[in-house]
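Residue 315 in numbering that gives the first Met the number 0 sits at position 316 of the sequence shown; the count goes up by one each step and never skips.
Don't be surprised by glycine CBs; every beta carbon is placed ideally from N, CA and C.
Everything below concerns the one structure shown next.
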Amino acid sequence: MSAIRPAAVVVLAAGEGTRMKSKTPKVLHELCGRSLVGHVVSAARELEPEHLVVVVGHASERVEGHLAERYAGTRTAYQAEQNGTGHAVRIGLEELAPGGALDGTVVVVCGDTPLLSGGTLTALAATHSADGNAVTVLTAEVPDSTGYGRIVRDAASGAVTAIVEHKDATDAQRAIREINSGVFAFDGRLLADALGKVRTDNSQGEEYLTDVLGILREAGHRVGASVAADHREILGINNRVQLAEAGRLLNARLLEQAMMAGVTVVDPASVRVDVTVTFEPDAIIHPGSQLLGVTHLGEGAEVGPNTRLKDTAVGAGARVDNTVADGAEIGADAAVGPYAYLRPGTRLGPKSKAGTYVEMKNASIGEGTKVPHLSYVGDATIGEYSNIGAASVFVNYDGEAKHHTTIGSHCKTGSDNMFVAPVTVGDGAYTAAGSVITKDVPAGSLAVARGQQRNIEGWVARKRPGSAAAQAAAAATEMSGDNN
0 MSAIRPAAVV
10 VLAAGEGTRM
20 KSKTPKVLHE
30 LCGRSLVGHV
40 VSAARELEPE
50 HLVVVVGHAS
60 ERVEGHLAER
70 YAGTRTAYQA
80 EQNGTGHAVR
90 IGLEELAPGG
100 ALDGTVVVVC
110 GDTPLLSGGT
120 LTALAATHSA
130 DGNAVTVLTA
140 EVPDSTGYGR
150 IVRDAASGAV
160 TAIVEHKDAT
170 DAQRAIREIN
180 SGVFAFDGRL
190 LADALGKVRT
200 DNSQGEEYLT
210 DVLGILREAG
220 HRVGASVAAD
230 HREILGINNR
240 VQLAEAGRLL
250 NARLLEQAMM
260 AGVTVVDPAS
270 VRVDVTVTFE
280 PDAIIHPGSQ
290 LLGVTHLGEG
300 AEVGPNTRLK
310 DTAVGAGARV
320 DNTVADGAEI
330 GADAAVGPYA
340 YLRPGTRLGP
350 KSKAGTYVEM
360 KNASIGEGTK
370 VPHLSYVGDA
380 TIGEYSNIGA
390 ASVFVNYDGE
400 AKHHTTIGSH
410 CKTGSDNMFV
420 APVTVGDGAY
430 TAAGSVITKD
440 VPAGSLAVAR
450 GQQRNIEGWV
460 ARKRPGSAAA
470 QAAAAATEMS
480 GDNN
């Protein structure tokens, strides 16, 4: 194990978070596509620790299930009673080793700090190793330190001599802008020994992890600090106002990374992205767009305005306008929208089109094929360079089961067609406007499936005498007679 790589990372995630006023455990609230604890676990994994354990308590089954589903291999330790942060760390370490003693560095982080980056944790571990500290506190210099624990240092050595809570600070100490983040790196053996000496004679009757710092310092060990480059990384989440603010900050960070990598974001204030979204250079994102899940934008792809894509791949040069897509694949140079809805299983080939007010589901559309407007295509395969007329419906559901429609390549289907599945239209075939296609259409054929038109003259005059329609018809008939 390298000098920087920790022996363990312990994530504290046992609290209820009552200020969230929610049935959902605080650490499972999401921002930018990940839970709060998920952000912390992801950052911790960047350290490549030998062990990673999350201490759970409130709603433990839900938290454990979430971790098992999305962060496989993460160990958990159950804190039956929330008796303080020191107690939680002790529970976590006992899950990893007999007596809770580990050789090497142990990093302790809070499960509600989603802005904390792997880079900052790496810097903390590196400082801890380089300075030979017994414990290293992650600190930050903030514009307003009101309410935070102040970091008091030795003027000569720079070592941390105390963490003083705001209510206990002198006027001089309150002027200090360096604050405690609640994130620490410890010498594993010294931590285990000190946790056994933490007392509970305080107003809460709990074991405080911060007491370990005093215990180690009194024993002659050095307590140091690592200052976070961006104080906003240490922000914890206690209510939904703070959740929204953290989401805004993380979203801005993600968009900045995208723009620095060659993506154009026309109006960053109105665009939302998840941490799992990826881009290629020269992609363009217009205002009012949301990119969620594992969405990917290819080189030169253009998305928006007012578009919501989830788990959707957009090919190079494709254009997606005013569209909602979920679990779709949009080929290179394809055109989608405006006002299209692509549901799961939709695959648009290169240079294809799903136009205005088109809905697709579980449909494979071949290269160059167009479904221009006002149509529903569900459970279907359409070949290359075909054209589907306006107001077409693929009738895929018989009330009990879904059925498939296949339309070949180079087909031209008329407007207002109904394709009653299961049915196949062969390559190069045509269907007439207004047809209800219930039987297979051979390749190269024209299918006409509509009733013979019948005109009943004089019907309006007889059935709607005196109406505006009857008067208009009479005037038209008289004018026609005069012209003759």
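Check, Outcome
"Going by beta carbon distance, what residues of the same chain come within less than 6 Å of leucine 115, once the five residues before and after it are set aside?", "Ala42 and Glu232"
"State the Cα-Cα distance for the pair glutamate 486 and lysine 350, rounded to the nearest angstrom.", "No answer is possible for residue 486: it lies beyond the span of the chain, which begins at 0 and ends at 483."
"Identify which residue in Leu11, His50, Thr17 and Gly16 has its Cα closest to the Cα of valine 39.", "Leu11"
"Give the single residue among Leu242, Ala431 and Ala79 whose Cα lies nearest to the Cα of methionine 19.", "Leu242"
"What separation, rounded to the nearest whole angstrom, lies between the Cα atoms of arginine 346 and glutamate 328?", "5 Å"
"Just to confirm, are glycine 388 and alanine 446 a CB contact at a threshold of 8 Å?", "no"
"Reducing DSSP to helix, strand and coil, say where serine 466 ends up.", "coil"
"For leucine 215 and glycine 117, I'd like the C-alpha separation in whole angstroms.", "27 Å"
"Starting from glutamate 60, follow the alpha helix (DSSP H) in both directions and report where the run begins and ends.", "59 to 69"
"Apply the 10 Å Cβ neighbour rule to serine 288 and answer buried if 16 or more other Cβ atoms are within range, or exposed otherwise.", "buried"
"Am I right that glutamate 298 and aspartate 281 are in contact with their C-beta atoms under 8 Å? What's the rounded C-beta distance?", "6 Å"
"Assign proline 441 to buried or exposed, taking buried as 16 or more other Cβ atoms, counted over all protein chains shown, within 10 Å of its Cβ.", "exposed"
"In chain order, what are the residue ranges of uninterrupted alpha helix (DSSP H) at least 4 long that sit wholly in the stretch 218 to 298?", "239 to 259"
"Run through the stretch 99 to 182 for me and flag every whole alpha helix (DSSP H) of 4 or more residues, listed as ranges in chain order.", "117 to 130 and 170 to 173"
"If you draw a straight line from the alpha carbon of valine 222 to that of aspartate 102, how long is it in whole angstroms?", "18 Å"
"Between which two residues does the alpha helix (DSSP H) containing serine 489 stretch?", "An answer regarding residue 489 cannot be provided, because it is not within the stretch 0 to 483 covered by the chain."
"In terms of residue numbering, what span does the alpha helix (DSSP H) encompassing histidine 50 cover?", "No alpha helix (DSSP H) holds histidine 50; the beta strand (DSSP E) holding it covers 50 to 55."
"How many angstroms separate the CA atom of isoleucine 236 from the CA atom of alanine 245?", "8 Å"
"Determine the DSSP secondary structure at leucine 46, reduced to helix, strand or coil.", "coil"
"Have a look at the DSSP bridge pairing and note the partners of glycine 348.", "Paired residue(s): none; glycine 348 is not in a bridge."
"Return the first residue and the last residue of the alpha helix (DSSP H) that alanine 6 is part of.", "Per DSSP, alanine 6 belongs to no alpha helix (DSSP H) and is neither H nor E."
"Taking the straight line between their C-alpha atoms, what separation do you get for asparagine 305 and aspartate 266?", "12 Å"
"Whole angstroms are fine: how far does the CA of threonine 412 sit from the CA of histidine 65?", "48 Å"
"Any idea if glycine 181 is buried or exposed, counting beta-carbon neighbours within 10 angstroms, 16 or more meaning buried?", "buried"
"Looking at serine 391: is its Cβ nearer than 8 Å to the Cβ of threonine 368?", "no"
"Identify, in the order they occur along the chain, each residue of the same chain with its Cβ nearer than 6 Å to the Cβ of arginine 173, setting aside the five sequence neighbours on each side.", "none"
"Please name the residue in Val335, Ala324 and Gly326 whose C-alpha comes closest to that of alanine 317.", "Val335"
"Of all the options Gly157, Arg152 and Ser156, which has the alpha carbon lying nearest to the alpha carbon of valine 163?", "Arg152"
"Does the count of Cβ pairs from the stretch 72 to 87 and the stretch 56 to 63 closer than 8 Å reach three?", "yes"
"Name the DSSP bridge partner or partners of isoleucine 436?", "Phe418"
"Which term fits isoleucine 150, buried or exposed, when burial requires 16 or more other beta carbons within 10 angstroms of its beta carbon?", "buried"
"Can you name the residues that DSSP bridges to tyrosine 375?", "Glu358 and Val392"
"Aspartate 536: which of Leu92, Ala125 and Arg69 sits nearest, CA to CA?", "Beyond the ends of the chain as shown, which are 0 and 483, falls residue 536; an answer cannot be given."
"How far does the alpha helix (DSSP H) with isoleucine 90 in it reach, from first residue to last?", "84 to 95"
"Give me the Cα-Cα distance between glycine 377 and proline 286, rounded to the nearest whole angstrom.", "30 Å"
"Label tyrosine 147 either buried or exposed according to how many other C-beta atoms from any shown protein chain fall within 10 Å of its C-beta, with 16 as the threshold for buried.", "buried"
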